Amino acid sequence: MHRIRHFARSLSLASITGTSVLALGSWTTAFARSTYQKDIDDSIDWNRNWDGKDSNGAKTSHTFIMVRHGQYVYGKTDTERKLTELGRKQATRTGERLKALEEKGFIPPIKRVVYSTMTRATETHKLISAKLSPEIPRSLTPKGGADKALRRIEASDLIREGAVCPPIPPHQNWKPTPEAFEEDGNRIEKGFRSYMKRASPADKEPYSTLLVCHGNVIRYFI
0 MHRIRHFARS LSLASITGTS VLALGSWTTA FARSTYQKDI DDSIDWNRNW
50 DGKDSNGAKT SHTFIMVRHG QYVYGKTDTE RKLTELGRKQ ATRTGERLKA
100 LEEKGFIPPI KRVVYSTMTR ATETHKLISA KLSPEIPRSL TPKGGADKAL
150 RRIEASDLIR EGAVCPPIPP HQNWKPTPEA FEEDGNRIEK GFRSYMKRAS
200 PADKEPYSTL LVCHGNVIRY FI
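Numbering-wise (numbering that gives the first Met the number 0), the sequence shown opens with residue 0 and increments by one.
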C-alpha cells in the first residue's frame with residue numbers, strides 16, 4: 000500500500016541512547032516518504048486537506064512525539080520479549096529527556112500518552128511515565144487555570160507491531176502472509192485515524208500526544 004504522510008512545520012528526529020523520538024509540529028505542507036517505498040512520483044500535488052479538516056478553524060497546534068520501545072530480548076512469545084537492562088536504561092533516559100524538554104518549554108505539554116499493549120512497549124511506557132509527573136506542570140496549563148490537569152494515559156491494541164506493507168526489496172527472514180499484511184495494515188490504519196488528528200477549534204493552547212509503540216507503526220504513520 001502506497002503511503003505518504005503529511006507533516007509538520009518542524010520535524011525533528013533524535014536518537015536518545017537507542018530509543019527514537021520523533022516530534023512533529025503543527026500540520027502544514029511538508030511531507031515524508033515511507034522507508035518501505037521507492038520510485039515515488041514527486042509531481043504529486045500537495046493535498047493540504049488530506050483529512051477533510053483543513054478548514055476546521057483550529058487556532059493552535061497538536062504535536063506528536065513517537066517513541067519506539069527500548070532494546071528487548073528476542074523470544075517466541077510476546078511475554079518473553081522483555082526489555083534488556085540496556086533497554087530499560089534507554090526508556091528511563093528518554094523519560095528524563097522528555098521531562099526536561101517539557102519543563103523548559105521546548106515541546107508543548109504532553110496531555111495524552113498512548114502505548115502499545117505489547118510487553119516491550121508497555122515496559123517502555125512505564126519507565127518513561129515514571130519520570131513524568133501524572134499531572135501537566137502548572138506553568139504549562141492554560142492561563143487562568145486554577146488546577147493542574149491530569150495526563151490522559153491509555154493502552155492501545157491498535158498500535159501493536161505488525162506487517163503493514165511488503166518491504167522493498169523483500170526481506171530474507173521476514174515473510175508475513177498476504178492475510179497478515181491486510182489484517183495488520185487495516186488495524187494500524189485505524190490507529191492512525193484514531194490518534195493522528197489536528198488540533199480542534201476548542202483547543203486554545205498547543206499540546207502534545209506521546210505514542211510509545213513500534214518501528215513499523217512509526218514508519219506507517221509518517
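Built from N, CA and C at the ideal position, the CB exists for glycine as well. None of the values given here were measured: they were computed from a predicted structure.
Excluding the 5 residues flanking residue i on each side, which residues of the same chain have their C-beta closer than 6 Å to its C-beta?
i, result
"Phe-180", "Ala-162"
"Asp-202", "Thr-59"
"Lys-98", "Lys-130 and Leu-131"
"Leu-210", "Met-65 and Val-113"
"Ser-155", "Val-113"
Using the Cβ count rule (16 or more neighbours within 10 Å means buried), how would you classify residue i?
i, result
"Thr-93", "buried"
"Leu-149", "exposed"
"Asn-215", "buried"
"Ile-167", "exposed"
"Leu-85", "exposed"
"Ser-115", "buried"
"Ala-90", "buried"
"Thr-76", "exposed"
"Gly-190", "buried"
"Thr-78", "exposed"
"Gly-104", "exposed"
Pull the bridge partners of residue i from the DSSP assignment, please.
i, result
"Met-226", "No answer is possible for residue 226: it lies beyond the span of the chain, which begins at 0 and ends at 221."
"Thr-62", "Ser-207"
"Tyr-219", "DSSP output for Tyr-219 lists no bridge partner at all."
"Glu-134", "Leu-149"
"Ile-71", "According to the sequence as given, residue 71 is Tyr; it is not Ile. According to DSSP, which records beta bridges pairwise, Tyr-71 is partnered with Leu-82."
Can you find the residues in the same chain that come closer than 7 Å, C-beta to C-beta, to residue i, ignoring five residues on each side of it along the sequence?
i, result
"Ala-198", "Ala-57, Thr-59, Ser-60 and His-61"
"Tyr-73", "Arg-80"
If you check the beta carbons only, do residue i and residue j fall under 8 Å apart?
i, j, result
"Glu-228", "Lys-130", "No information on residue 228 is available, as it lies outside the stretch 0 to 221 that the chain covers here."
"Glu-122", "Leu-82", "yes"
"Thr-208", "Arg-111", "yes"
"Ile-187", "Val-113", "no"
"Arg-67", "Ile-217", "yes"
"Ser-128", "Ile-106", "no"
"Met-117", "Glu-182", "no"
So, is the C-beta of residue i closer than 8 Å to a C-beta in chain B?
i, result
"Glu-204", "The question asks about chain B, but that chain is absent: this structure has only one protein chain."
Continuous beta strand (DSSP E) assignments of at least 3 residues falling wholly in the segment 139 to 186: 151 to 155
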